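Colleague: Just so we're aligned, residue 221 is where the sequence shown starts under the working numbering, counting upward by one.
Here a beta-carbon is modelled for each residue, glycine too, at the ideal position from N, C-alpha and C.
These numbers were taken from a predicted model, which means no experiment stands behind them.
Here you go, one structure.
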Amino acid sequence: MIRRVISALLVFWALGFLWFAMALPQPAGAEQTDAIVVPTGAGGRIGRGVELLRAGAAGKMLVTGVDSDVRPAEFAAEFGVEQELMDCCITLGFSALDTRGNARETAEWVTQNEVASLRLVTSDWHMRRTAVELSDRLPGDVEVLHDAVHTEPSLATLFTEYHKLIAAWLIALG
């Protein structure tokens, strides 16, 4: 009996990993939201967020998990953001150290800014876990549009992120 249970769990784990690795989330369309939220991390995320902000996909953007040593002028120079856009529309969040912290920082910012809908911009392999962490902390009436940045993740990245996703799901259930 124990062998069957272990075998079933292994098959379930393997099928889950196959789904996770083969069906990565995709970029979103041109839908409008109140805000854009970009957790720092892998390349392409912030650039995508700034591009969407410039295109009018939202009126403001939070970049969560920014290193405390980064100054707004440095950020603007790094990502080619004009000062007017920095002043009106981009908030740099410095309190998050990890994905859970990003979710906490985002939930606080969403509440303070009365955001009813947001576009979450993160790497395709990171999207599912970020969405789980965020849904656990956001007010229930906030709509979230998932906008994945395409990457070419390594098997090691996928393997690690799959297990972090399982842990996040278990924590959210508990």
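Would you decide whether Thr284 is buried or exposed? Buried here means 16 or more other CB atoms lie within 10 Å of its CB.
Modeller: Against the sequence shown, residue 284 aligns to sequence position 64. Counting the other CB atoms within 10 Å of its CB gives Thr284 a total of 16 or more, which places it among the buried residues.
Colleague: Exposed or buried, which one is Glu325 when buried takes at least 16 other CB atoms within 10 Å?
Modeller: The count along the sequence shown starts at 1 and reaches residue 325 at position 105. With 16 or more Cβ atoms within 10 Å of its Cβ, Glu325 is classed as buried.
Colleague: Between the stretch 271-284 and the stretch 376-385, can you find at least three pairs of beta-carbon atoms closer than 8 Å?
Modeller: no
Colleague: Cα-Cα, which of Thr311, Phe232, Arg357 is closest to Gly321?
Modeller: For this step, residue 321 is matched to residue 101 along the sequence shown. Nearest of Thr311, Phe232, Arg357 to Gly321, Cα basis: Arg357.
Colleague: Once you ignore the five residues that flank Phe314 on each side, which residues in its own chain have a CB closer than 7 Å to its CB?
Modeller: Reading the sequence shown from its first residue, position 94 is the one you call residue 314. Here the set comprises Val286, Ser288.
Colleague: Which parts of the stretch 302-339 are runs of the beta strand (DSSP E), unbroken and 3 residues or longer, counting only runs that do not cross its ends?
Modeller: 310-313
Colleague: Please confirm if the stretch 339-352 is in contact with the stretch 243-263, defined as three or more CB-CB distances below 8 Å between the two stretches.
Modeller: Result yes; three or more Cβ-Cβ pairs closer than 8 Å.
Colleague: Can you tell me the Cβ-Cβ gap for Leu365 and Thr253, rounded? I've got them flagged as a contact below 8 Å.
Modeller: Counted from its first residue, the sequence shown places residue 365 at position 145. Counted from its first residue, the sequence shown places residue 253 at position 33. At roughly 6 Å, the Cβ-Cβ gap stays under 8 Å, so Leu365 and Thr253 are in contact.
Colleague: Inspect the beta-carbon positions of Cys309 and Gly279 and report whether they are closer than 9 Å.
Modeller: As a first step, residue 309 must be located in the sequence shown, where it is residue number 89. As a first step, residue 279 must be located in the sequence shown, where it is residue number 59. A contact, by the Cβ cut-off of 9 Å.
Colleague: Going by C-alpha distance, which of Glu372, Leu390, Leu393, Leu305 is nearest Leu244?
Modeller: Mapped onto the sequence shown, residue 244 falls at position 24. When only C-alpha atoms are compared, the closest one is Glu372.
Colleague: Mind checking whether Ala388 and Val352 have CB atoms under 9 Å apart?
Modeller: Within the sequence shown, residue 388 is the residue found at index 168, counting from 1. Within the sequence shown, residue 352 is the residue found at index 132, counting from 1. Yes. Within cutoff.
Colleague: How many angstroms separate the CA atom of Arg348 from the CA atom of Ala277?
Modeller: Sequence index remark: in the sequence shown, residue 348 carries index 128 (1-based). Sequence index remark: in the sequence shown, residue 277 carries index 57 (1-based). Arg348 and Ala277: Cα-Cα distance of roughly 22 Å.
Colleague: Output the distance between the C-alpha atoms of Ser227 and Gly236, rounded to the nearest integer angstrom.
Modeller: Numbered from 1 along the sequence shown, position 7 holds the residue referred to as residue 227. Numbered from 1 along the sequence shown, position 16 holds the residue referred to as residue 236. Going by the C-alpha atoms only, they are around 14 Å apart.
Colleague: Would you mind listing the beta strand (DSSP E) stretches within the stretch 240-302 that are 3+ residues and don't spill past its ends, in chain order?
Modeller: 255-259, 280-284
Colleague: Does Val362 come out as helix, strand or coil in the three-state DSSP assignment?
Modeller: Indexing the sequence shown from 1 puts residue 362 at position 142. DSSP places Val362 in coil when its eight states are reduced to three.
Colleague: Compute the beta-carbon to beta-carbon distance between Ala336 and Pro247, rounded to the nearest angstrom, for a pair I have assumed lies under 8 Å.
Modeller: On the sequence shown, residue 336 is found 116 positions in, with the first residue counted as 1. On the sequence shown, residue 247 is found 27 positions in, with the first residue counted as 1. So it is not a contact: roughly 22 Å between Cβ atoms.
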